[in-house]
Amino acid sequence: MFIPKEPGTLVSAMEDLIDEERDAALGNGGLGRLAACYVDSLASCDLPGWGYGLRYNYGMFQQRIVDGYQTEVPDYWLNSGNPWELPRVDKTYNVRFFGGLHDEKDPETGKVKRVWDGGQVVQAAAYDVPIPGYDTTTMGNIRLWSSRPNSSFDLSSFNEGNYNQAVEEKKSAENITSILYPNDNHMVGKELRLKQEYFLVAATLQDIIYRFKKGKKPWCEFPNQVAIQLNDTHPTLAIPELQRILVDEECLEWDEAWDIVTRTFAFTNHTVLPEALERWPVDLVKHLLPRHMEIIYAINLFFLQKVEKQFPGDRDLLVQVSAIEEGSPQCLRMASLAVIGSHTVNGVAALHSHLIRTTLFQHFIRYYGEEKFTNVTNGISPRRWLHQANPNLSQLISSKLGGIEWIKDMEKLRALNDLATDKEFQEAWMDVKLHNKMRLAGYIKNNLGIEVSPDALFDIQVKRIHEYKRQFMNILSVIHRYHELKAMEPSELDEATPRVVIFGGKAAPGYYIAKLVIKLISSVSAKVNSDCSIKNKLKVVFLPDYNVSLAEVIIPASDISQHISTAGTEASGTSNMKFVLNGGLILGTVDGANIEIGEEIGKDNIFFFGVLAQDVEDLRHHNRMGKSAMVSSLCAVVQSVREGEYGTPGVFAPLLDTLTIGTDYYLVSVDFDAYIEKQREIEELYKDKSCWAAKSIRCTANMAKFSSDRSIREYAERIWNIEPCPLAATPEAILND
Ligand code: CBF
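Residue numbers 38 to 774, in the working numbering, belong to the letters of the sequence shown in order.
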């Protein structure tokens with residue numbers, strides 16, 4: 038496909054073509070990207086599994102920075118078509134919303150069944166994105182659903198004069214997959230979002246059942262043939278939907294159906310943040326999906342009856358585990374429904390899985406016991422995140438290891454440990470890093486006009502902007518460093534390690550505080566970069582429109598990356614793994630997968646700081662009681678911002694107030710001094726190039742655990758009970774599915 042760069046011009050090189058290609062930005066952050074790595078691993082490990090999702094017309098918005106502020110531009114990524122998808126005209130299913138319920142007697146059996154009819158019926162049309170496995174004939178697939186008016190929508194309404202209504206119906210159907218909600222780790226209770234969730238599960242289940250029925254097996258075989266992993270709570274409606282299909286359409290008895298349902302589903306929890314946990318007003322669910330709400334009530338009632346039987350009179354326990362939260366409004370707790378309807382529940386890193394056992398799902402453990410709750414630490418694809426993103430490093434590694442087998446078996450990387458202190462190898466290793474830093478420096482110069490030296494320490498924090506991820510603490514520490522540099526004698530300044538602090542990430546459009554963080558970074562960047570008195574010892578860059586393509590340029594270029602969430606808030610993180618796999622060191626809190634990365638690469642090769650998750654609640658309590666004062670290092674920084682060092686005083690007041698008038702919920706003040714101290718340590722250590730190179734090599738060498746192949750095999754063996762079965766990727770095999 039050729040895309041004119043300017044009218045009349047054709048692209049001249051493959052690189053230009055690649056630059057023109059748009060990301061399919063169909064997710065918000067780590068959650069969707071994790072799933073993409075998992076589909077790559079499923080295919081590469083010859084495991085028979087697919088991913089399902091929605092084909093939004095508008096994906097994640099494009100971020101522009103105007104006058105230091107984030108603005109959002111719609112991402113119409115399909116403008117020039119999508120060469121990687123296969124529209125499946127033969128794969129369409131109808132999906133119903135709203136409507137009414139009544140009972141109907143089967144004339145033959147005399148059995149009364151519940152009928153859901155009327156309402157709005159839309160069509161789900163499949164688009165396949167084939168995912169070839171690496172070095173195998175097995176082909177995976179991501180099937181994305183697009184909504185459109187159903188086939189009975191025709192021109193008769195127009196002819197009857199109901200033109201407006203017909204157009205409205207068409208628009209309403211198309212709206213469902215029109216746009217991705219751009220919130221990461223934050224739930225928005227909009228009817229359209231709930232429609233998207235049901236649309237996904239209704240189409241997907243019909244598709245799965247269609248394939249199951251081709252095998253002509255009895256329903257009791259379904260859980261042996263099919264495993265469905267709920268990737269967070271967003272597809273939880275699949276549980277009542279399968280129950281509905283089995284009871285209302287396939288006429289199974291309730292208990293038999295429920296046994297099938299609970300042996301089919303497993304659920305991955307990806308967050309403990311309260312604001313991210315889905316709670317839907319019962320009235321909204323009832324209005325949109327009346328039969329599902331009836332079924333959910335019944336599922337919950339039968340479950341609570343069992344709990345009551347085991348713990349007679351323990352009313353508090355019933356309140357805690359109920360899928361319905363009493364209150365005004367009454368709400369459906371999706372995570373509880375997911376637990377009740379699944380045979381296995383997992384967290385995504387060891388600490389996170391421990392936390393969900395001891396906090397979020399602690400009450401469920403009393404009833405179910407520990408066995409149902411497990412951990413599968415996240416992973417990343419070495420194909421994309423080392424081989425593709427960092428071709429020079431991939432080549433260097435392969436040349437030393439005598440082959441590229443590591444790409445499917447990261448254990449092989451361990452041999453690099455023997456080369457960690459080899460001077461020649463260190464030089465070659467750091468040459469690749471320098472080359473990658475030059476590439477990023479070029480990008481920064483071309484896009485922002487900021488000159489940065491590739492010899493400086495590249496210190497990077499790229500991820501969604503969120504208070505719990507503490508980009509705010511990072512920029513406050515940059516200001517602190519700036520003040521230090523300004524106060525230095527010339528001789529001391531000459532000795533200082535030059536540092537380029539790079540930020541990137543999108544804030545949800547309605548997340549005011551996160552947007553102010555971006556503004557503060559931009560303002561600090563403008564001031565610091567133009568201050569000649571600090572002799573280029575500090576540069577600050579905010580890279581607009583962080584996305585996967587940009588990540589592939591940024592990640593290989595890091596010396597240090599920051600993963601500094603308040604302990605206990607980041608479920609796992611996956612960019613931490615990507616940076617370390619590329620030989621970047623980590624400055625991080627004792628949180629999420631940072632902990633396991635430290636265990637694997639060795640405590641000497643990671644810079645940990647900050648409070649532990651187990652102490653966070655007590656510290657917050659202290660803050661709420663007004664028992665802790667802000668540390669003086671932070672006070673000075675806050676004051677300089679308040680006084681207008683970075684623009685009009687007052688602009689940043691709501692942000693600064695989160696530390697002072699607020700209760701500093703994310704414990705910035707508590708961690709600040711330890712954080713600054715670690716940064717000092719890093720700057721000192723960076724001066725010893727050989728020591729740094731050895732650490733960098735050991736990082737890459739010891740990341741085997743974080744291959745998504747390992748994660749996906751754990752799901753396959755411990756949760757889905759499936760084995761590798763290489764599939765011939767013939768066109769027939771794919772098109773028949
Ligand atoms: O498990 C994948 C990722 O999911 C999140 O992004 C999420 O949206 N819940 C978490 O915030 C990450 O910690 C996690 O790595």
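Backbone N, C-alpha and C fix where the C-beta goes; we use that ideal spot for every residue, glycine too.
Look up Leu123 in the DSSP assignment and say whether it is helix, strand or coil. strand
Only counting runs of 3 or more residues, tell me where the beta strand (DSSP E) segments fall wholly within the segment 209 to 245, in order along the chain. Fully enclosed beta strand (DSSP E) runs of 3 or longer: not present.
Starting from Gln100, follow the beta strand (DSSP E) in both directions and report where the run begins and ends. Element bounds for Gln100: 99 to 103.
Continuous alpha helix (DSSP H) assignments of at least 4 residues falling wholly in the segment 688 to 718: 690 to 694
Close beta carbons around Trp757, own chain, < 8 Å, minus the five adjacent residues each side: Gly86, Ala264, Gln266, Ala303
Gln217 to Ala62 span [Cα, whole Å]: Reading off the sequence, residue 217 comes out as Leu, not Gln. Roughly 9 Å between the two C-alpha positions.
Below 8 Å, can you find three or more Cβ-Cβ pairs linking the segment 611 to 627 to the segment 678 to 693? no
Please list, in chain order, all residues of the same chain as Val159 whose beta carbon is under 6 Å from its beta carbon, the five residues on each side excluded. Val132, Ser184, Asn187, Ala210
Within the same chain, show all residues whose beta-carbon is closer than 6 Å to that of Val76, passing over the 5 residues directly before and after it, in chain order. Gly88, Ile168, Gly177, Ile179
Glu13 - DSSP class collapsed to helix/strand/coil: One cannot answer for residue 13 here, as it falls past the ends of the chain, which runs 38 to 774.
Option nearest Tyr683 by Cα separation, candidates Ser562, Thr458, Ala457, Leu354: Ser562
Under 8 Å between C-beta atoms of Ile516 and Val578: no
Would you call the segment 501 to 510 and the segment 539 to 551 in contact, with 3 or more CB pairs under 8 Å? yes
Does the distance between the C-beta of Asp285 and the nearest non-hydrogen atom of the ligand CBF fall short of 7 Å? No, the ligand CBF has no heavy atom inside 7 Å of this Cβ.
Cα-Cα separation between Arg750 and Asp143, rounded to whole angstroms: 46 Å
Mind checking Ala524: buried by the 16 CB within 10 Å criterion, or exposed? exposed
Closer than 7 Å to a non-hydrogen atom of the ligand CBF - does that hold for the CB of Gly226? no
Residues near the ligand CBF, CB to any non-hydrogen atom under 6 Å, in chain order? Gly66, Gly67, Leu68, Leu71, Asp221, Asn222, His307, Thr308, Val385, Asn415, Glu607, Ala608, Ser609, Gly610, Thr611, Gly629
Grab the span of the alpha helix (DSSP H) containing Gly610 for me, first residue to last. It is not in any alpha helix (DSSP H) - Gly610 carries neither H nor E in the DSSP assignment.
When burial is assigned at 16 or more other CB atoms within 10 Å of the CB, is Tyr130 buried or exposed? buried
Nearest neighbour of Arg518, chosen from Lys346, Ser78, Ile713 [CA to CA]: Ile713
What span of residues does the beta strand (DSSP E) with Leu267 cover, start to end? 265 to 268
Under the rule that 16 or more other beta-carbon atoms within 10 Å means buried, what is Gln347, buried or exposed? exposed
Quick check: the Cα distance between Met371 and Ile597, rounded to an integer number of angstroms? Roughly 38 Å separates the two Cα atoms.
Can you tell which of Pro491, Lys449, Ser559 has its C-alpha closest to the C-alpha of Leu485? Ser559
Alpha carbon of Cys368 to alpha carbon of Ile333, nearest angstrom: Straight-line Cα distance between these residues: approximately 12 Å.
Please specify which runs of the alpha helix (DSSP H), each continuous and at least 4 residues long, are wholly inside the segment 262 to 320, giving them in chain order. 275 to 281, 291 to 301
I'd like the list of long-range same chain contacts for Leu341, defined as Cβ closer than 7 Å, with 5 residues on each side in sequence excluded. Beyond the five residues adjoining it in sequence on each side, Leu341 comes within less than 7 Å, by CB distance, of Leu355, Ser359 in the same chain, given in chain order.
Just to confirm, is the Cβ distance from Pro535 to Ser490 under 8 Å? The answer is yes: Cβ separation under 8 Å.
Please report the straight-line C-alpha distance between Tyr93 and Ile245, rounded to a whole angstrom. 21 Å
Leaving out five residues before and five after Leu442 in sequence, what residues of the same chain have Cβ atoms less than 7 Å from its Cβ? It is worth fixing the name first, because residue 442 is Glu in this sequence and not Leu. Cβ within range, chain order: Lys449.
Which value, in whole angstroms, describes the spacing of the CA atoms of Pro593 and Val537? Each residue's Cα considered, the two are about 15 Å apart.
Could you check how far apart the C-beta atoms of Trp121 and Val152 are, in whole angstroms? I think they sit under 8 Å. In fact, because the Cβ distance is near 41 Å, the residues do not count as touching under 8 Å.
Residue environment, Glu718, which counts as buried when at least 16 other CB atoms sit within 10 Å: exposed
Cβ-based neighbour list, His307, same chain, cut-off 7 Å, excluding 5 preceding and 5 following: Leu68, Asp269, Val385, Ala608
Answer yes if the segment 637 to 654 comes into contact with the segment 718 to 737, meaning at least three C-beta pairs across the two stretches below 8 Å, and no otherwise. yes
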